[in-house]
Amino acid sequence: MTGRIMDATFSDDQRLFAETLRGILDGTCPPEAVRASWDDPVGWVDGLWDTLAATGVLGLTAPGSCDGLGMDEVDLVLLLEELGRAACPEPVAEHAAVAVPLLRDHGSDKLVEEWLGRAATGDAVLTVASPVDELVPAAAQADLILLAADGALHAVPADRLACVEQESVDRSRRLASVDWMPAPDTLLSDDPAVVDRCVDRGAWAAAAQAVGVAQRLLDLTVSYVADREQFGRPVGANQAVKHHCADVAIALEFARPLVHLAAWSLAAGESPEEGGSVAVDASMAKAAASDAVDRACRSALQCHGAIGYTIEYDLQLWLKRGWVLAASWGDARWHRRRIATRLGLSA
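The end of the sequence shown is residue 347 by the working numbering, with every number in the run present.
Here you go:
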C-alpha cells in the first residue's frame with residue numbers, strides 16, 4: 001500500500017467556494033447566455049472570464065508567487081462540477097485543471113515567468129490539445145496551447161500556429177484544427193510520462209464536468225416529469241419513468257466518488273489504492289463519468305419526449321455538452337482499455 005490515507009470529505013471552505021461559484025454562474029451564465037454564445041464570434045459569455053479570474057478560479061492551481069491561490073485538484077473538483085452544471089462555454093477546465101498545473105510542474109523558468117502569472121489573472125488564455133482527440137478546444141481564443149508530438153509536450157504561442165475552426169456538436173464549445181511545427185524553443189517536456197499526466201488531468205477534468213452535466217440533466221428531468229401531466233396524472237408517476245431517473249442517480253453515485261478519488265490522486269501524486277496509480281484512477285473516473293452522462297442524456301431525452309428534441313428547448317444545452325464530454329479525452333471504452341493495459345490485463 002502507499003501508506004497514504006485519503007480524506008474523502010470536503011472542508012467547509014471548499015464547499016463554500018463551490019456554492020459561491022454556483023451563485024456566480026447562475027447569475028452570469030444562465031441558459032440564455034450559453035445559447036447566445038452559439039452565435040458570438042468568440043463563443044464566450046460576456047464578462048464571465050474576467051469574473052472567474054477575479055474569484056480566483058483561473059489561478060486556483062497556480063502558486064502564490066505567480067498570483068495564484070496555490071490550491072490543488074481536491075479544491076478544484078467541486079468547481080469543475082459546477083462549471084459542467086452551468087454548461088460554461090469558457091475553457092476553464094483546460095486552462096486551470098490541465099494547462100496551468102502542467103506549466104507549473106514542468107515549465108522552464110522562462111515559460112513560468114512569461115505565462116503562469118498572466119494565466120492566473122486571466123490575462124492569458126491557456127488551452128491544451130488532448131493527445132486522444134484530433135481537435136483542440138478554444139484553440140482560436142487561446143494565447144498559449146499545449147500540444148503533444150512524438151512523446152513530448154510543447155507549449156506553443158498562438159502566433160506560432162495556424163487554427164481553422166471546425167464544426168462542433170456543442171456550439172458553445174469551440175473546436176479547431178491546428179497546424180504547427182515542434183521546435184526546441186516550444187518544448188515543455190520530452191518525458192512521455194508528462195504526456196500521460198496530461199491525459200490523466202484532461203480525462204479527470206472532463207469527468208468532473210460530465211458529473212455536473214449529468215446532475216443537471218437529472219434535475220431537469222425530475223422537475224419536468226413531476227410537472228408534465230398525461231391522462232390526468234404526472235408523467236413521473238409511471239414506474240418506467242422513475243426507473244429512468246433512478247438509473248441515472250445510481251450511475252452518478254458510482255461516478256462521483258471515482259472523480260473525487262482521481263482528484264485526490266492527482267493532488268497527492270499517487271493513488272491511495274493498493275496497486276493503483278494516478279492513471280488508473282483518472283481513467284476509472286472518466287469511464288464511469290462518461291457512462292453516467294451518456295445515460296443521463298438518453299434518459300432525459302426519453303422522459304422529455306418530443307420537446308427534448310427541439311433545438312429551442314434548453315435541455316439541448318446539456319445534451320450537447322454531455323455528448324461532447326463523454327467522448328472527449330477518450331470515451332469509456334478507450335479508458336477501460338487503458339486501465340486493462342496499466343493493470344497488465346490486456347491480451
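A virtual CB, placed ideally from N, CA and C, is assigned to each residue, including glycine.
Beta-carbon spacing of residue i, residue j below 9 Å
i	j	result
ALA152	ASP190	yes
GLY56	PRO63	no
ARG174	GLY43	yes
GLU73	PRO101	yes
ALA50	ALA120	Looking at the sequence itself, residue 50 is Asp, so the reference to Ala does not match. Contact: no.
ALA317	ASP281	The question names Ala, but residue 317 in the sequence shown is Leu. Result no, Cβ atoms of LEU317 and ASP281 do not sit closer than 9 Å.
From the options, residue whose alpha carbon lies closest to that of residue i
i	options	result
THR28	ALA86, ASP40 and ALA8	ALA86
VAL77	ALA158, VAL211, SER168 and TRP38	VAL211
LEU83	SER172, VAL100, PRO257 and TRP264	SER172
ASP75	ASP109, ASP26 and ALA208	ALA208
GLN302	CYS245, ASP331 and SER283	CYS245
ASP105	ASP12, ALA193 and ALA226	ALA193
LEU25	CYS88, ALA54 and SER11	CYS88
GLU312	ARG35, ASP12 and GLU19	ARG35
ARG295	LEU252, HIS260 and LEU261	LEU252
ASP349	ALA140, ALA176 and ASP170	Because residue 349 is not part of the residues shown, which for the chain are 1 to 347, the question remains open.
TRP329	TRP38, GLU19, ASP12 and SER283	SER283
ASP196	SER277, ASP7, VAL45 and ALA327	SER277
ILE145	LEU218, MET181 and PHE254	MET181
LEU60	ARG256, LEU79, ALA300 and PRO31	LEU79
ALA255	GLU81, VAL132, VAL98 and ASP314	GLU81
DSSP state of residue i mapped onto helix, strand, coil
i	result
GLU274	coil
CYS88	coil
LEU103	helix
LEU78	helix
ARG355	Residue 355 lies beyond the stretch modelled for the chain, which goes from 1 to 347, so this question has no answer here.
GLU113	helix
VAL259	helix
ARG233	strand
ILE339	helix
VAL168	Note that residue 168 is Ser in the sequence shown, not Val. The answer is coil: DSSP assigns SER168 none of H, G, I, E or B.
Nearest-angstrom Cβ-Cβ length linking residue i and residue j, presumed shorter than 8 Å
i	j	result
HIS95	VAL125	7 Å
LEU325	ALA206	5 Å
ALA214	ALA292	5 Å
ASP170	ARG336	Wrong, their Cβ atoms sit about 24 Å apart, outside the cutoff.
Beta-bridge pairing of residue i - partner residues as DSSP gives them
i	result
SER189	LEU153
ALA148	LEU153
THR127	ILE145
CYS163	VAL178
PRO137	LEU175
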